[in-house]
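Colleague:
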Amino acid sequence: MKVCMLASSSKGNCTLIWDDKSAIMIDCGISLKETENRMEILGVDPHSVSAILVTHEHSDHTKGVGMFARKYGTKIYAHADGVDAILEKIGKVNTNLVVEYFSDFAIDNYHIHAFKLPHDSICCVGYTIKENDKQISIMTDLGYTNDDIIKNVFGSRLVILEANYDEKMLRESTKYSFALKNRIGGRFGHLSNKDSADVICKLACAGVKQILLAHLSEENNTPDLCYKSVCDRVASQGVTPGVNIMIDIAKAHDISTLFTLK
0 MKVCMLASSS KGNCTLIWDD KSAIMIDCGI SLKETENRME ILGVDPHSVS AILVTHEHSD
60 HTKGVGMFAR KYGTKIYAHA DGVDAILEKI GKVNTNLVVE YFSDFAIDNY HIHAFKLPHD
120 SICCVGYTIK ENDKQISIMT DLGYTNDDII KNVFGSRLVI LEANYDEKML RESTKYSFAL
180 KNRIGGRFGH LSNKDSADVI CKLACAGVKQ ILLAHLSEEN NTPDLCYKSV CDRVASQGVT
240 PGVNIMIDIA KAHDISTLFT LK
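Using numbering that gives the first Met the number 0, you'd call the opening residue of the sequence shown number 0 and step up by one each time.
Given below as C-alpha cells:
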C-alpha cells in the first residue's frame, strides 16, 4: 500500500492511497487539473480511483470532488450526517455515485473506519484505512483531541495529523480578526503545533512509528517552525524524533513524501 498527499494546507487537501489493484482518495480540495498532474507524477491513473472519501464540506477539502467524480465516474463516500452539506458544495453529480455511510465499510480490498472529529462543519470525520495488516490513518481539521478520538488511529503504521498553526503567529497576526483567531484556536477549530506534539507522544507510546504533519496554515505556521516546535516538545516529553517515531511535513502545493507500507 502506498500513501501520498497531493496537497496539504488551508487552501487545499488531497490524499491518495493505492496498490497494484486500485486506489482511493481522501478529499480533493484542489483543482481537477492539479490533481491529474500530481497523479501523473506518481504514475497513478485517475480511472483507477474507486472512491473519494470526503471528510467534510469545507472547500479546501471539496473543491475538486465534483469535477473529478463527473469526469471519471468516481464514487463519493460521505457520512450520512454531512452528505447534504457536501453535495451543496460539489455541484450536480449522478446520485448513483454518492454513497452514504454511518459506520465502517469496505472498498475493494480496503477496510475503512470513519470517526467523528470536533470541527466547525456540519460533520467532520477522520479515517483509518486497513489493507490486511497494513493500516494508515488521517486525522485533520479538529479543535481538540481526547483518548476516545486518538484510540481510533492506534495500530496505524502512518498517521497523517494536523499541525495547523503556531500559537504565537496566530496571536500576533494582523491579517486575522479577533473572531477568526478565536475560531481557529477554539474547540471546533484546528490543532496547534503544541497540540499535535502532545498527540504524537501518545501515539508513540501506542506503537505508531511514522507521522506526517499536515494542513499547515500558510499564514500562521511554516514548515520549519512546525517541525522544530513539534520535535522540541516531543523530545521534552521523552520521545526522541527519528528514534521512537519519524516525523515528516506535508507540502502545501506539491506532493509529499511517498510512503510505502509493505
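Beta carbons are placed, not taken as given, at the ideal position from N, Cα and C, and that holds for glycine.
#1: In three-state terms, what does DSSP make of Gly11?
#2: Which residues does DSSP list as the beta-bridge partners of Val53?
#3: Given a threshold of 16 other Cβ atoms within 10 Å of its Cβ, counted over all protein chains shown, does Gln263 qualify as buried or as exposed?
#4: What residue ranges within the region 106-151 form continuous beta strand (DSSP E) runs of no fewer than 3 residues, ordered along the chain?
#5: What does DSSP give as the partner residue(s) for Val48 in the beta ladder?
#6: Could you have a look at Thr259 and say whether DSSP puts it in helix, strand or coil?
#7: On the DSSP bridge list, what partners appear for Ser191?
#8: Taking 8 Å as the cut-off, does the region 140-152 touch the region 74-83 (at least 3 CB pairs, one atom from each stretch)?
#9: In angstroms with no decimal places, state the Cα-to-Cα distance between Arg182 and Gly72.
#10: Since Ile297 and Tyr226 are thought to touch, with beta carbons under 8 Å apart, how far apart are those beta carbons, to the nearest angstrom?
#11: May I ask which residues mark the beginning and end of the beta strand (DSSP E) holding Tyr226?
#12: How far does the beta strand (DSSP E) with Val98 in it extend, from its first residue to its last?
#13: Specify the secondary structure class of Met0 as computed by DSSP and reduced to three states.
#14: Taking Ala213 as part of the alpha helix (DSSP H), name the residues at either end of that continuous run.
Modeller: Reading from the atomic positions:
#1: Position 12 of the sequence shown holds residue 11. Strand, per DSSP.
#2: Your numbering for residue 53 matches position 54 in the sequence shown. Under the DSSP definition of a beta bridge, Val53 lacks any partner.
#3: Nothing can be reported for residue 263: it is not among the residues displayed for the chain, which extend from 0 to 261.
#4: List check, beta strand (DSSP E) in window: 109-116, 123-130, 133-138.
#5: Translated into the one-based positions of the sequence shown, residue 48 becomes position 49. Partner residues in the beta bridge of Val48, as assigned by DSSP, are Ala22.
#6: Counting from one through the sequence shown, the residue named residue 259 turns up at place 260. Thr259: strand per DSSP, three-state reduction.
#7: Position 192 of the sequence shown, counted from the start, is the residue given in the question as residue 191. Note: Ser191 sits in a beta bridge opposite Tyr164.
#8: With the cut-off at 8 Å, the region 74-83 and the region 140-152 do not touch.
#9: Against the sequence shown, residue 182 aligns to sequence position 183. Against the sequence shown, residue 72 aligns to sequence position 73. Each residue's alpha carbon lies about 36 Å from the other.
#10: The requested residue 297 does not occur in the structure, where the chain is confined to residues 0 to 261.
#11: Numbered from its first residue, the sequence shown carries residue 226 at position 227. In the DSSP assignment, Tyr226 falls outside any beta strand (DSSP E) and within the unbroken alpha helix (DSSP H) covering 222-235.
#12: Indexing the sequence shown from 1 puts residue 98 at position 99. For Val98, the enclosing beta strand (DSSP E) has its first and last residue at 97-100.
#13: Residue 0 sits at position 1 when you count from the first residue of the sequence shown. Looking at Met0 - three-state DSSP - the assignment turns out to be coil, as it is neither helix nor strand.
#14: Working through the sequence shown from its first residue, we reach residue 213 at position 214. Where Ala213 is concerned, there is no enclosing alpha helix (DSSP H), although the beta strand (DSSP E) it sits in stretches over 209-213.
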